[in-house]
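Colleague: Just passing along the structure, written as structure tokens.
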Amino acid sequence: MKIITAIIIVFIALAFGTSWVVAVNNTHAIKFVVPKGWPQPVYDFKQNPLTAEGFELGRKLFYDGRLSKDGNFACASCHQQFAAFTTYDHNLSHGFNNSFTRRNAPPLFNLAWQKEFMWDGGINHLDLQPLAPITDANEMAETIQNVLNKLKKDTAYRRMFKAAFGDENITTQRMTKAISQFVVMMVSANSKYDKVMRGEDSFNLPQRLGYEIFKRKCINCHTEPMFTDYSYRNAGLTTDDYLADIGRMKITNKPADSMKFKVPSLRNAAVTAPYGHDGRFVSLLSVMNFYRNDVVNYSTTDSLLKHGIPLSNFEIGQLTAFIYTLTDSSFLKDPRFAPPGFENRMPAPPAEHVH
Amino acid sequence: MQVFKNIYRLYFMAFIAEYIFFRTSVRRNRRCHKELMPGSKKLYLTSILKYTVCLLLVAFFFCTAQLANAQQKLNNITLQFVNKAGEKLLNADSIYTNPFGETFTVRTFKYYISHIVLQDDATGKRQSYNNDYFLVDDADTSSKKIVLQTDLNSITSIHFLLGVDSLKNVSGVQEGTLDPVKGMFWTWNSGYVMAKIEGNSPVAKTPQHAFSYDIGGYKKNENTERQIDLKLPRELNTENAQINIEVNIMTWFNAVNEMKIANTPFCHEPGVLAKKIADNYAKMFSIQK
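So, in structure tokens, the structure goes:
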């Protein structure tokens, strides 16, 4: 009997003695998995350790219209999961007060490997990225202070900030770190192409031929495995006289960067139409037609594109077949990235794009 | 506070260990003698008492060591920023005239102060405050007063950075005075606004005749942070000392480069113009005698 009492006392004492350890660390860490053969991510996870609580908070923020001035524009309104987190079928996206954005919304995936954001690379850290659309008059048109005020008034947010960061303090840094935790987990690495590379599947004939053409004519800029080298290049597009977009030069002030834009990844390209920094290309076919017929030789046009890319009709068909193998349908339907509460009611990707 | 918590925990663990040890020894004794040894309860209490005294002693030494560390004599030194337009004190209602005869009003005047260093040339001692970033906002009286704790007895010069170092410009979202919510951060072209003046001038050919200089840029060749070195007129004893630093906005217009509001009412991005204005504002500080 006394032994039992002693054990109980010791147990209670240990529980008390170690309670502080538990109190500090009551979040649940999530592991970020780097796909086999991929480079190390550039995002510094030490500054923002991933937790289930932070991820869930980020997900709620991502899908919350209250981050915009009138409540209508969540991050997710321009970044739709079934379209690999770009705006489906829109050259430019809709913003506050019937405005349009000035550039085509980029799809969101594999952001942990990306050093600079936006078509012109103006944003130098993933955590800073949400502040641009939140405050842009053409997008969510809100102030950071107002967003924080709205979040502070909401009991659910106070609870979730406490769960993720230890107390109910709601700050810009915590909000953006939570959003980063959500979006940085969006890793797309399970397309047919990836399965073929892992030896789990094989290309059919047009896909294999397309891959060969890709390796001869596209790979210099759309480097594997990210399918972009993250460089800024002028692909020889004419300037839209209304948008008058000088691209990278807006950030660097260097004439040599005039009309240069970040090379977009080709992953999930089949579901991210339209294409180009202003969304002028309505289909993959129109992109490839541009490269074989319409590249304009400006002084800053990329040296690899001075004469366009010669492509036959056959090659275009085969390249298209290959690009379709880059669609990662498990990513497009991953319930972790669905709106909170909608995990089992995912909108289906458009039928012609399911593979 | 953390120190006390740790000591308490240590003590608690030791207490438990002692209790278990005592229990086991009593049981062993029982097995040997088939009866509880008469003085064992007393023995137990004495041992607990000894233990407590020992631990309290350890705790006492530990704490005094910590306190001694903290209690090294520290002086408070106050930096008072006095914003002026020429000879007049800056305030939002007044009309000023710049060296080119352009009249203007100032609605907003803000700047970052960081990496403050206090220096005593006599002893060569320096004290740096590398993790403190201050945002001086003319509209906020308390922000114009910076209180620093120093263990230097006297100082002869003060050095600081006007602006925010490049590292903080590339390390994501910061807190405190560096929080982007303060309106001193560009979201579309990441980087801090190191200093800004916004106001109106009849000569500005812009909507509402507004003029605004939001000066930033941290990249190589676009640097707008400026190192400021100010020598005090005489050696200053740091005990309850106050240094008044005069900040003259007139320098923005002509200290090094001519900046007429009529020609350049706006500067809102890093680049050549921003650097020219930065060279001007680098001259705006002086020690009030």
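Chains E and Z, in that order, give the protein sequences. Following the numbering used here, the numbering of the first sequence begins with 1 at its first residue and continues without gaps. Following the numbering used here, the numbering of the second sequence begins with 356 at its first residue and continues without gaps. Glycine included, every Cβ here is placed at the ideal spot set by N, Cα and C.
#1: Please report how far the alpha carbon of Lys177 of chain E lies from the alpha carbon of Asn204 of chain E, in whole angstroms.
#2: Pick helix, strand or coil for Ser556 of chain Z, following the three-state DSSP scheme.
#3: Please report the distance separating the alpha-carbon of Lys465 of chain Z from that of Trp541 of chain Z.
#4: Name the chain Z residues that come within less than 9 angstroms of Gln47 of chain E, Cβ to Cβ?
#5: Compare the C-beta of Thr561 of chain Z with all C-beta atoms of chain E and state if any pair is closer than 8 angstroms.
#6: Distance check for Thr238 of chain E and Thr171 of chain E, CA to CA, integer angstroms please.
#7: Could you tell me whether the Cβ of Val548 of chain Z comes closer than 8 angstroms to any Cβ of chain E?
#8: Return the CA-CA distance between Lys499 of chain Z and Leu434 of chain Z, expressed in angstroms with no decimal places.
#9: Terminal residues of the continuous beta strand (DSSP E) containing Tyr636 of chain Z?
#10: Does His28 of chain E have its Cβ less than 8 angstroms from a Cβ in chain Z?
#11: Taking 8 angstroms as the CB-CB cut-off, is Asn430 of chain Z touching chain E?
#12: Considering only the alpha carbon of each residue, which of Z:Glu457, Z:Arg462, Z:Leu517, Z:Leu587 lies closest to Tyr488 of chain Z?
#13: Roughly how many whole angstroms lie between the Cα atoms of Gly65 of chain E and Gln114 of chain E?
#14: Is the CB of Asn253 of chain E under 8 angstroms away from at least one CB in chain Z?
#15: Buried or exposed: where does Phe566 of chain Z fall if 16 or more other Cβ atoms within 10 Å of its Cβ makes it buried?
#16: Please return the same chain residues whose Cβ sits closer than 7 angstroms to the Cβ of Leu243 of chain E, not counting the five positions on each side in sequence.
#17: Can you give me the start and stop residues for the alpha helix (DSSP H) that Gln597 of chain Z sits inside?
#18: Across which residues does DSSP place Val282 of chain E in a beta bridge pair?
#19: If you compare alpha carbons, which of E:Met186, E:Leu284, E:Asp201, E:Phe182 is closest to Leu332 of chain E?
#20: Under 9 angstroms Cβ-Cβ, which residues of chain Z neighbour Leu128 of chain E?
#21: In three-state DSSP terms, what is Ser449 of chain Z?
#22: Does Gly518 of chain Z get closer than 8 angstroms to chain E when you measure Cβ to Cβ?
#23: Should Ser188 of chain E be labelled buried (16 or more other beta-carbon atoms within 10 Å of its own) or exposed?
#24: Just the C-alpha distance for Ile598 of chain Z and Leu57 of chain E, rounded to the nearest angstrom, thanks.
#25: Rounded to whole angstroms, what's the CA-CA distance from Arg248 of chain E to Gly121 of chain E? Just pull it up for me.
#26: According to DSSP, is Gln40 of chain E helix, strand or coil?
#27: Starting from Asn592 of chain Z, trace the beta strand (DSSP E) in both directions and tell me its first and last residue.
#28: Going by other Cβ atoms of all chains shown within 10 Å of its Cβ, with 16 needed for buried, is Asp257 of chain E buried or exposed?
#29: Suppose you measure from the CA of Ile642 of chain Z to the CA of Phe45 of chain E; what does that come to, to the nearest Å?
#30: Strictly below 8 angstroms CB to CB, what residues from chain E border Gly626 of chain Z?
#31: Just how far apart, CA to CA, sit Pro206 of chain E and Met197 of chain E?
#32: With three or more C-beta pairs closer than 8 angstroms as the rule, is the region 441-451 of chain Z touching the region 472-480 of chain Z?
#33: Jot down the residue ranges of each uninterrupted beta strand (DSSP E) in the region 90-122 of chain E, minimum 3 residues, whole runs only, in chain order.
#34: Could you check where the alpha helix (DSSP H) with Thr511 of chain Z kicks off and where it finishes?
#35: In the structure shown, what three-state DSSP assignment does Tyr568 of chain Z receive?
#36: Please classify Phe415 of chain Z as buried or exposed, where buried requires at least 16 other C-beta atoms within 10 Å of its C-beta.
Modeller: The short version:
#1: 42 angstroms
#2: coil
#3: 15 angstroms
#4: Ser526, Gly527
#5: no
#6: 43 angstroms
#7: no
#8: 8 angstroms
#9: Element bounds for Tyr636 of chain Z: not the beta strand (DSSP E) but the alpha helix (DSSP H), 627-636.
#10: no
#11: no
#12: Z:Leu517
#13: 26 angstroms
#14: yes
#15: buried
#16: Arg102, Asp278
#17: Per DSSP, Gln597 of chain Z belongs to no alpha helix (DSSP H); it is in the beta strand (DSSP E), 596-603.
#18: Per DSSP, none; premise fails for Val282 of chain E.
#19: E:Met186
#20: Gly527, Val528, Pro535, Phe540, Thr542, Ser545
#21: coil
#22: no
#23: buried
#24: 46 angstroms
#25: 7 angstroms
#26: coil
#27: 581-592
#28: buried
#29: 44 angstroms
#30: Asn253
#31: 17 angstroms
#32: no
#33: none
#34: Here Thr511 of chain Z belongs to no alpha helix (DSSP H); instead the beta strand (DSSP E) covers 509-517.
#35: strand
#36: exposed
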